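Participant: Respectively, the protein sequence lines represent chains A, B and C.
Everything in the first sequence is counted per numbering that gives the first Met the number 0, starting at 0 for the first residue and increasing by one.
Everything in the second sequence is counted per numbering that gives the first Met the number 0, starting at 0 for the first residue and increasing by one.
Everything in the third sequence is counted per numbering that gives the first Met the number 0, starting at 0 for the first residue and increasing by one.
One structure follows; several queries about it will come next.
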Amino acid sequence: MAQERSQETSVAEPPPGSVADLFREALPGVQMSAEQTALDVAITVRREDLIRVMQTAKEDERLAFDFMRSLSGVDHLDELEVVYHLYSYSLGHAVAIKVRCPPDDAHMPTISHLWQTANWHEREAAELFGFVFDGHPDLRPLLTEEGLGYYIMRKTHPLAEIEEWQEDYLKAAEEAVAQAAAEAGVPMDERARKIELAQKKAVVIKKAREEARGRGLAGDEERAAVKAALKALEEEEAAKAEPKPAEAPAKPADDRAAKIALAQKKAALIKKTRDEARARGASQEEERQAVAEALKALAAEEKSG
Amino acid sequence: MATEYSVTPGKDLETIDINVNVGPQHPATHGVFRMVLTVDGEQVVDVDPIIGYMHRGAEKLSENCDYRQAIGYQDRTDYLAQFNTELCYVQAVEKLAGIEPPERAEYIRVILAELNRIASHYMFMGAFGTDIGVFGTAFMYTFRDREIIQDLFEEITGERMMYAYFRAGGVAWDVPEDFRERCREVLSAVRKGIGDIDGLMTDNEVIIARCRGVSPVTPEDAINWGLTGPMLRATGLEHDVRRAEPYCIYDRFEFDIPTGIQGDVYDRYLVRLEEMRQSVRIVEQALEGMPEGPIMAEGLKRTLRLPEGEVYMRNETPRGEYGIYLISKGGDKPYRLKIRSPAFSNLSALRAMSIGSYVADTIVTLGSIDIVLCEVDR
Amino acid sequence: MIADNAWLDGLIRMGAIALAMPLSVIILTYLERKISGRLQQRLGPMRVGPYGILQGLADTIKLLTKEDLRPQTADRWTFELAPFAVMVPVFLAFVTLPFTADLFVRNLELGLFFIIAVSGVSIVGFVMAGWGSDNKYALLGGARAAAQLISYEIPLVLAVVAVAMIAYTPEAGRGSLNLVEIVDGQGRVPFIVWQPLAFFIFLVAGLAELYRQPFDIPVAESEVVGGPFIEYSGIRWSMFQMAEFVSMVLISVLASLLFLGGWNWPLGNGAGIALQVPLIFVKTSFFILLFIWLRFSLPRLRIDQMMQFCWQVLLPFALLQIIINGWVLVYGWPDWTLGVSSGALTLVAGYLTYRAARQAAEQPVSPRLHRVGSVM
Numbered sequence: 000m001a002q003e004r005s006q007e008t009s010v011a012e013p014p015p016g017s018v019a020d021l022f023r024e025a026l027p028g029v030q031m032s033a034e035q036t037a038l039d040v041a042i043t044v045r046r047e048d049l050i051r052v053m054q055t056a057k058e059d060e061r062l063a064f065d066f067m068r069s070l071s072g073v074d075h076l077d078e079l080e081v082v083y084h085l086y087s088y089s090l091g092h093a094v095a096i097k098v099r100c101p102p103d104d105a106h107m108p109t110i111s112h113l114w115q116t117a118n119w120h121e122r123e124a125a126e127l128f129g130f131v132f133d134g135h136p137d138l139r140p141l142l143t144e145e146g147l148g149y150y151i152m153r154k155t156h157p158l159a160e161i162e163e164w165q166e167d168y169l170k171a172a173e174e175a176v177a178q179a180a181a182e183a184g185v186p187m188d189e190r191a192r193k194i195e196l197a198q199k200k201a202v203v204i205k206k207a208r209e210e211a212r213g214r215g216l217a218g219d220e221e222r223a224a225v226k227a228a229l230k231a232l233e234e235e236e237a238a239k240a241e242p243k244p245a246e247a248p249a250k251p252a253d254d255r256a257a258k259i260a261l262a263q264k265k266a267a268l269i270k271k272t273r274d275e276a277r278a279r280g281a282s283q284e285e286e287r288q289a290v291a292e293a294l295k296a297l298a299a300e301e302k303s304g
Numbered sequence: 000m001a002t003e004y005s006v007t008p009g010k011d012l013e014t015i016d017i018n019v020n021v022g023p024q025h026p027a028t029h030g031v032f033r034m035v036l037t038v039d040g041e042q043v044v045d046v047d048p049i050i051g052y053m054h055r056g057a058e059k060l061s062e063n064c065d066y067r068q069a070i071g072y073q074d075r076t077d078y079l080a081q082f083n084t085e086l087c088y089v090q091a092v093e094k095l096a097g098i099e100p101p102e103r104a105e106y107i108r109v110i111l112a113e114l115n116r117i118a119s120h121y122m123f124m125g126a127f128g129t130d131i132g133v134f135g136t137a138f139m140y141t142f143r144d145r146e147i148i149q150d151l152f153e154e155i156t157g158e159r160m161m162y163a164y165f166r167a168g169g170v171a172w173d174v175p176e177d178f179r180e181r182c183r184e185v186l187s188a189v190r191k192g193i194g195d196i197d198g199l200m201t202d203n204e205v206i207i208a209r210c211r212g213v214s215p216v217t218p219e220d221a222i223n224w225g226l227t228g229p230m231l232r233a234t235g236l237e238h239d240v241r242r243a244e245p246y247c248i249y250d251r252f253e254f255d256i257p258t259g260i261q262g263d264v265y266d267r268y269l270v271r272l273e274e275m276r277q278s279v280r281i282v283e284q285a286l287e288g289m290p291e292g293p294i295m296a297e298g299l300k301r302t303l304r305l306p307e308g309e310v311y312m313r314n315e316t317p318r319g320e321y322g323i324y325l326i327s328k329g330g331d332k333p334y335r336l337k338i339r340s341p342a343f344s345n346l347s348a349l350r351a352m353s354i355g356s357y358v359a360d361t362i363v364t365l366g367s368i369d370i371v372l373c374e375v376d377r
Numbered sequence: 000m001i002a003d004n005a006w007l008d009g010l011i012r013m014g015a016i017a018l019a020m021p022l023s024v025i026i027l028t029y030l031e032r033k034i035s036g037r038l039q040q041r042l043g044p045m046r047v048g049p050y051g052i053l054q055g056l057a058d059t060i061k062l063l064t065k066e067d068l069r070p071q072t073a074d075r076w077t078f079e080l081a082p083f084a085v086m087v088p089v090f091l092a093f094v095t096l097p098f099t100a101d102l103f104v105r106n107l108e109l110g111l112f113f114i115i116a117v118s119g120v121s122i123v124g125f126v127m128a129g130w131g132s133d134n135k136y137a138l139l140g141g142a143r144a145a146a147q148l149i150s151y152e153i154p155l156v157l158a159v160v161a162v163a164m165i166a167y168t169p170e171a172g173r174g175s176l177n178l179v180e181i182v183d184g185q186g187r188v189p190f191i192v193w194q195p196l197a198f199f200i201f202l203v204a205g206l207a208e209l210y211r212q213p214f215d216i217p218v219a220e221s222e223v224v225g226g227p228f229i230e231y232s233g234i235r236w237s238m239f240q241m242a243e244f245v246s247m248v249l250i251s252v253l254a255s256l257l258f259l260g261g262w263n264w265p266l267g268n269g270a271g272i273a274l275q276v277p278l279i280f281v282k283t284s285f286f287i288l289l290f291i292w293l294r295f296s297l298p299r300l301r302i303d304q305m306m307q308f309c310w311q312v313l314l315p316f317a318l319l320q321i322i323i324n325g326w327v328l329v330y331g332w333p334d335w336t337l338g339v340s341s342g343a344l345t346l347v348a349g350y351l352t353y354r355a356a357r358q359a360a361e362q363p364v365s366p367r368l369h370r371v372g373s374v375m
């Protein structure tokens, strides 16, 4: 999806003379694509070249990126990405280096020997996204001491179904609208219907009042007459609305409840599997595998059931 | 349970290092932070900092909020410098959306952010004094003045901590009419308060003895470890994001960047003290120049939808370089929001800074980092 | 003599001390909280009674009725006896401490020696508490307490010895360990004039013995969280607290006896009891207030700095003071030589300390590159 999107939108080329040109100059023969983001130039390189690129970025005099300010993992659904934000105190320029890798082979070379600060940043990314930084001196989980068994920042984490992050949310909302329109035959706006009803009511009330006054009735009787007229109108409307199909949003609501139930089931399963694995004394990797298998089994069961 | 120790005549007794768990409940850890100290008597052999007790997944939660709702999570990262973190976030959104906030809003933002910097440094001074052993006296003095600033913030935003006052495109509502006068009152109190702290702590022989030469850092190491903010400036490097990559309207103000020489705990303290004075200067200039006018950019939709793109916005918060890496793939919610926490990077250098020092030095070093655990763990 | 029977008399006097001390602890706690409140722009206790004067009473009731906890893994007897080992010696010291010319339990001929000897025992209590609690903070605190209290015991004793050397009574001549005689010898001129160096050494070492700021290293709140006392609660904890305040009284009384002339004043020797009591009260209060004031204004030293100060400054100067006293006594020089030499030494010691503290601030700065662009 991400690739489709990047093809759709035109990538803004960095202006000539930017950091991207310096990189091309310092690293001839390295495949890289540059892009101008809102503030910095972002350069995407291949995983194989990363160490070389980073080494040059730090040590080349033209680049001299002495400060690694941030390391972020990004999940693009089809690919994982690590973004390194670098800054040079001596030259005062900044750049973002991006590297992508497939989600099932999330190995990355470490850069913690180049910048000490990358040590904790890499540990964090490893824990939250499941990267494996090869050569890292100490890749223990950082934020959760015992590890979670899954990677919470990936878009495909076990509870993703009940999450309303934008892609799904927007899609679901569009689908719901389209579905309702298709089932009703004519696109019927709830608000418009209400306004129409209110206008009708106003007409009825006015009519009933005038009639009552014409007959010379007292205030109480007038009110009763208006009430009766309104009731008649409501009954008429109800009779008209009877053959209408069931409310359109009902289905998504059911869907959501089912999703929540499924997610809860998954959470229970994950907890159980993890506890079992711990009791067995399994390593973290084994534990993670056990959880993944259990989840797969559950998915198959759900499909068949 | 009983361990057998054998003593051979003529040989030294066997000594072993012991592990001491400092935290998660400990007066010196400023929140829930734990470090496992391996000590040989009073000397620290190894430190293993353990964080994550406050990990709430703020980055993940922000992915499920629209751009306005996510402001609330910014208040909850650095809860001592909320305006600074909010400012960074709303600027990231503005950069992506191409919104230009009106002048008055920019001035209000700068004033509040700088006042918040002062408040945050006050908090540091007090907590640092307690770490070093002044039995609550420094703390009480700093809190007296911090309270004055806090009152002003409460008058403006209606909240004492979680302001959520800045918006992409401006600020939520205009400041009260007597804002200028109130700010001036606060400033005069602050100026006196800074003098009090200075008199109480700076020239105290015991404080000098405890802080001078403790965990010194060279500029090269500081850069390599990713130290930012006062920690970096204490080493002598004259770098401030406000000056180096000016954001908001910081390029209009005159202020100095205080630097230290040795990069030790005492220099960090001095840099922060001087930074407070510089912040006062900035606020004074901003109060002079603050124009009347709208406080919100015009033509904004109720729900902000950002075009595709990404931005790494960096700000100078009291703790250092605070970064927001924001990726939008269209729609009204961030696709990815990464928070680059300055205290996180600064804390990662704790181990290197305190190995070989005394237990008491480790506590002081930890205090001098000025950590906010909510920001470290996010 | 209060009663005819010597035993009964002793018992009554002991009883009076045993009652007065807890009372003074209650008053001192209240005082300290009020003074610290004043120093820190707070009110201090205000709720119990007018201006909170009954706060100490309320705290006592709370502490006495609180559950007395013992960690499961603690060494039972060591843990439970430690508070007694700390408190009993401090109370014992009061057996021979004279408040006025005839307000004491027993005036021992070796009174000063007795006080120093028994108060040294309480160190064992700290180590017991630190070791028996089975807590690493307590262990660290206990070790710190042992190191600090034993180290500072030495300059404290030497300062006291310096005073004992020059104590003078017409009957016994020079040198006395009897506290009443020492005070009597200070008729018009208190010993602080002849022995200022010993006075300052005594004050600093006494402060360290009390483990109060800037020497609260064994109980450092931000480091070892209360040190040896961390696992104690209720009555046992309050025994430690009581020992702390009673020792404060002890050191203060001792300082005013040894250096400020006790119940004498410069206007004339042999003031009546009506004057003696206020005199000793004022002098003791001065020291107590000084200790409280210091506690809330000074930060804590590091353990190595504290040890260095003891062994490199206090101890040599205390020995020097004794040597000079010896010279003066042997050659029979006039008393003013004592005052001048000791005063000069005080200035030297003060300068050395000041320089050592400042030295850190004036460390040579290694050449560094300060500008952006020259770091690489």
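All residues carry an ideal CB built from backbone N, CA and C; glycine is no exception.
Bear in mind that the values here come from a model prediction, so they are computed numbers and not experimental data.
#1: Short check: CB of G225 of chain C to CB of L62 of chain C, under 8 Å?
#2: Roughly how many whole angstroms lie between the Cα atoms of A359 of chain B and L139 of chain C?
#3: Identify the contact partners of R68 of chain A in chain B, using a Cβ-Cβ distance below 9 Å as the criterion.
#4: From V308 of chain C to L196 of chain C, what does the alpha carbon distance come to, in whole angstroms?
#5: Please report how far the alpha carbon of V363 of chain B lies from the alpha carbon of I131 of chain B, in whole angstroms.
#6: Roughly how many angstroms lie between the CA atoms of L278 of chain C and G260 of chain C, to the nearest whole one?
#7: Which same chain residues end up closer than 6 Å to K57 of chain A when comparing Cβ atoms and leaving out the 5 residues on each side of it in sequence?
#8: Name the residue from B:E62, B:V21, B:G51, B:H29 whose alpha carbon lies nearest to the alpha carbon of V43 of chain B.
#9: Check whether the Cβ of H25 of chain B lies closer than 8 Å to any Cβ atom in chain C.
#10: To the nearest angstrom, how far is it from the Cα of V187 of chain C to the Cα of W193 of chain C?
#11: Where R190 of chain B and E184 of chain B are concerned, what is the direct C-alpha to C-alpha distance, given to the nearest angstrom?
#12: Classify E174 of chain A as buried or exposed, calling it buried when 16 or more other Cβ atoms lie within 10 Å of its own Cβ.
#13: Could you check whether M124 of chain B and A137 of chain B sit closer than 8 Å to each other, using their CB atoms as the reference points?
#14: For K230 of chain A and D219 of chain A, I'd like the C-alpha separation in whole angstroms.
#15: So E287 of chain B and R103 of chain B are supposed to be a Cβ contact under 8 Å. How far apart are they, rounded?
#16: Taking 8 Å as the cut-off, decide whether the C-beta atoms of S89 of chain A and L62 of chain A are in contact.
#17: In the DSSP assignment, find the alpha helix (DSSP H) that holds L289 of chain C and state where it starts and stops.
#18: Are C100 of chain A and L70 of chain A close, meaning C-beta to C-beta below 8 Å?
#19: If you measure beta-carbon to beta-carbon, which residues of the region 114-126 of chain A are closer than 7 Å to chain B?
#20: Within the continuous beta strand (DSSP E) that includes H84 of chain A, where are the two ends?
#21: Mind checking the region 80-93 of chain A against chain B and listing, in chain order, the residues whose C-beta falls within less than 8 Å of any C-beta there?
#22: Can you check whether the C-beta of V224 of chain C is within less than 8 Å of a C-beta belonging to chain B?
#23: Please identify the residue among A:G28, A:V29, A:D39 whose C-alpha is closest to the C-alpha of E12 of chain A.
#24: Can you give me the Cβ contacts of A249 of chain A inside the same chain, cut-off strictly under 7 Å, excluding the 5 residues immediately before and after it?
#25: Whose CA, out of C:T95, C:I114, C:F113, lies closest to the CA of N106 of chain C?
#26: Please report how far the alpha carbon of P293 of chain B lies from the alpha carbon of P306 of chain B, in whole angstroms.
#27: Is E108 of chain C helix, strand or coil by DSSP?
#28: Report the rounded CA-to-CA distance for V218 of chain C versus F127 of chain B, giving the unit in angstroms.
#29: Would you say the region 322-334 of chain B touches the region 227-236 of chain B, given that touching needs at least three Cβ pairs under 8 Å?
#30: Label H106 of chain A either buried or exposed according to how many other C-beta atoms from any shown protein chain fall within 10 Å of its C-beta, with 16 as the threshold for buried.
#31: Looking only at its chain, what residues have a beta carbon closer than 7 Å to the beta carbon of A96 of chain B, apart from the 5 residues adjacent to it on each side?
#32: Using a Cβ-based criterion (distance less than 7 Å to any ligand heavy atom), does P88 of chain C qualify as near the ligand NAP?
Facilitator: With the structure as the only source:
#1: no
#2: 12 Å
#3: G225, T227, Y311, R313, E320, G322, R339, S344
#4: The sequence given here has Phe at residue 308 of chain C, not Val. Approximately 15 Å between the Cα atoms of the pair.
#5: 6 Å
#6: 9 Å
#7: F64, L113
#8: B:V21
#9: yes
#10: Per the sequence shown, the amino acid found at residue 187 of chain C is Arg instead of Val. The alpha-carbon atoms of R187 of chain C and W193 of chain C are separated by roughly 12 Å.
#11: 10 Å
#12: exposed
#13: yes
#14: 17 Å
#15: Actually they are not in contact, since the Cβ atoms of E287 of chain B and R103 of chain B sit about 14 Å apart, beyond 8 Å.
#16: no
#17: 272-294
#18: no
#19: W114, Q115, T116, N118, W119
#20: 79-86
#21: V82, H84, Y88, G91, A93
#22: yes
#23: A:D39
#24: Residue placement at A249 of chain A is poorly supported in this model, since its pLDDT is 46, which falls under 50; the coordinates still yield a value, given next. Hits under 7 Å: none found.
#25: C:T95
#26: 25 Å
#27: coil
#28: 18 Å
#29: no
#30: exposed
#31: A167, L303, L305
#32: Questions concerning the ligand NAP fall outside what the structure shown contains, since it holds no ligand whatsoever.
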